[in-house]
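> Before anything else, here's the structure in question.
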Amino acid sequence: MLSGSIAERICYFALQAAQSETVREVRIGLCYLAVRTESGAMGIAAVMPNVTGHDCRALAQSGFAGRELSDLIVLLGRGANPLERALGLACANAVLNRNFELSEQDAIELMHIRAEDRVCMVGRFPPLVARVERTGASLSILEKESSRGGILDPAEQQICLKDCSVAIITATTILNGTIESVLEHLGEARHVAVLGPSTPLCPEAFRDTRVNHLGGSIVKDPDQVMRIVSEAGGTPAMRPYLKFINLLLAPGETR
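Okay, structure coming up:
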C-alpha cells in the first residue's frame, strides 16, 4: 500500500516523470496558473481565492524560467500556501497529463447517474449542476465559500458525503488539503470522481483510495492557454484549447 498524502503521492510520480525537464515559462493569473517546459509540455492548476497574503509578495520565490521542474513539483507537498501548491501541481500536471491518446468522453455520461442517485458535489461545477439535476437525482453541493452557495456546515457536509451514491469532487481539494477528509467521510458511494482541469491524470497516486474516476485536461494550444491565464480567464475561455480526458480506474490499477 502506498503511504503519504495524495499530494505527496502525486509529487512522487511526477518527479519520476520529470527527469531533466526545465521550466520555460510560468504565468500566474487570477483563476489559473500555467507552466510550460522547454520540451513543450504544459500543465495548469486552479488558483484558489485570497491566496496572496498580506503584503506585496504573492510568492516567496521568483525567477522560475530555467529552473529544474523537479524543484517546483515538490511545492505541491511542501508549499507554504495554496498558491505555491498550485505551482507545484501545474508542474506535476505538465509531465503527468501528456501522452494520452484517448478520445474525449463526457464525464457525466460515464457516471450513469439515475433518478434514484444521491449526488454530492464537493465544490460547485456550474456547467454540471443543471445536467445532474436533469437526471432527476438529488444534488447536494458542498462549499467552503458562502458566496458560492451550497452547504457550509461541516456536520451537514459529512452527512451528505456518507449518504451519497455518487461523489463529484473538485481537484482543488488537493490544493487546500481537504481531499483526504472528503474521501474519509464517504459512505457506500458507487462512483467517486475527481474532476476539473487541475486534476492530475495519475491513477497510481489514487490507488487504495475510494476514487475510481479521474477527469483532467491536456493542453492542446499552449499559446492560447497562456494568453487566457494572463487575461484572468477561467475554464469556459480555455475549454476550446484543452482536451478533457476521463480515466476510469479499476482497483489497484496503474498507468
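Quick note: the sequence shown, position 1, residue 0 per numbering that gives the first Met the number 0, numbers continuous. The beta carbon of each residue, even a glycine, is placed where N, CA and C say it ideally should be.
Which partner residues does S216 have in the DSSP bridge list?
The count along the sequence shown starts at 1 and reaches residue 216 at position 217. Paired residue(s): F243.
> Report the option in Q18, F124, R8 and R206 whose CA atom is closest to the CA atom of L141.
Position 142 of the sequence shown, counting from 1, holds the residue named residue 141. Cα-wise, what sits closest to L141 is F124.
> Assuming L58 and A93 are in contact, meaning their beta carbons sit under 8 Å apart, how far apart are those beta carbons, in whole angstroms?
Within the sequence shown, residue 58 is the residue found at index 59, counting from 1. Within the sequence shown, residue 93 is the residue found at index 94, counting from 1. Rounded, the Cβ-Cβ distance is 18 Å, inconsistent with contact.
> What residue does the alpha helix (DSSP H) around G149 start on, and which one ends it?
Counting from 1 along the sequence shown, the entry for residue 149 is found at position 150. From DSSP, G149 is part of no alpha helix (DSSP H); its letter is neither H nor E.
> Tell me which same chain residues have a C-beta within less than 7 Å of the C-beta of S145, skipping the five on either side of it?
Reading the sequence shown from its first residue, position 146 is the one you call residue 145. Around S145: L151.
> Do you know how far the Cα of R35 is from the Cα of L182?
Locating residue 182 in the sequence shown gives position 183, counting from the first residue. Locating residue 35 in the sequence shown gives position 36, counting from the first residue. Distance between the alpha carbons of L182 and R35 is about 31 Å.
> Consult DSSP for I66 and reduce its assignment to one of helix, strand or coil.
What you label residue 66 is simply residue 67 of the sequence shown in a count that begins at 1. In the sequence on display, residue 66 carries Arg and not Ile. Of the three classes helix, strand and coil, the one that applies to R66 here is coil, per DSSP.
> If you reduce the DSSP assignment to three classes, tell me which class A44 lands in.
Locating residue 44 in the sequence shown gives position 45, counting from the first residue. Correct three-state label for A44: strand.
> What residue does the beta strand (DSSP E) around S139 start on, and which one ends it?
For the purposes of this step, residue 139 is taken as the residue at position 140 of the sequence shown. Start and end: S137 to L141.
> Where R84 and T171 are concerned, what is the direct C-alpha to C-alpha distance, given to the nearest angstrom?
Counting from 1 along the sequence shown, the entry for residue 84 is found at position 85. Counting from 1 along the sequence shown, the entry for residue 171 is found at position 172. Each residue's Cα considered, the two are about 10 Å apart.
> Contact check, A136 vs I112 under 8 Å by CB: the rounded distance?
The sequence position of residue 136 within the sequence shown is 137, counting from 1. The sequence position of residue 112 within the sequence shown is 113, counting from 1. Contact holds; Cβ gap of about 5 Å.
> Between G76 and the rest of its own chain, which residues show a CB-CB distance below 6 Å, the 5 nearest in sequence each way excluded?
Here residue 76 refers to the residue found at position 77 when the sequence shown is read from its first residue. If we look at G76 and ignore the five residues flanking it on each side, its Cβ neighbours are A6, E7 and C10.
> Rounding to the nearest angstrom, what Cα-Cα distance links V46 and P235 in this structure?
Here residue 46 is taken as the residue at index 47 of the sequence shown, counted from 1. Here residue 235 is taken as the residue at index 236 of the sequence shown, counted from 1. If you take the alpha carbons of V46 and P235, they lie about 15 Å apart.
> Spatial neighbours of H53 within its chain, please: C-beta separation below 7 Å, excluding the five flanking residues on both sides.
Translated into positions along the sequence shown, residue 53 becomes position 54. Interpretation of H53 is limited by its pLDDT of 47, a score under 50 that renders its predicted location unreliable; no figure is taken from the coordinates.
> Cα separation between S228 and E37?
In the sequence shown, residue 228 corresponds to position 229, counting from 1. In the sequence shown, residue 37 corresponds to position 38, counting from 1. The sequence as given places Val at residue 228; Ser does not occur at that position. Each residue's alpha carbon lies about 19 Å from the other.
> Hey, how far is the Cα of G176 from the Cα of R66?
Along the sequence shown, read from residue 1 onward, the residue named residue 176 stands at position 177. Along the sequence shown, read from residue 1 onward, the residue named residue 66 stands at position 67. Those two C-alpha atoms are separated by around 26 Å.
> On a CA-only basis, which of V210, G215, A154 and A231 is nearest G42? Give me that one, please.
Here residue 42 refers to the residue found at position 43 when the sequence shown is read from its first residue. Here the closest residue by C-alpha is G215.
> For I112, name the three-state secondary structure that DSSP assigns.
In the sequence shown, the residue the question calls residue 112 occupies position 113. I112 falls in the coil class under three-state DSSP.
> Measure from the alpha carbon of V4 to the alpha carbon of each residue in Q15, F205, Y240 and G233, then state which is nearest.
Residue 4 sits at position 5 when you count from the first residue of the sequence shown. Reading off the sequence shown, one finds Ser at residue 4, where the question assumed Val. Of the candidates Q15, F205, Y240 and G233, the one whose C-alpha sits nearest the C-alpha of S4 is F205.
> Got a sec? Which residues, its chain only, sit under 7 Å from D220 by beta carbon, not counting five neighbours each side?
Start at 1 with the first residue of the sequence shown, and residue 220 comes out as number 221. Excluding residues within five positions, the ones whose Cβ falls inside 7 Å are Y240.
> Taking 9 Å as the cut-off, decide whether the C-beta atoms of I167 and M110 are in contact.
The count along the sequence shown starts at 1 and reaches residue 167 at position 168. The count along the sequence shown starts at 1 and reaches residue 110 at position 111. Yes, the Cβ-Cβ distance between I167 and M110 is below 9 Å.
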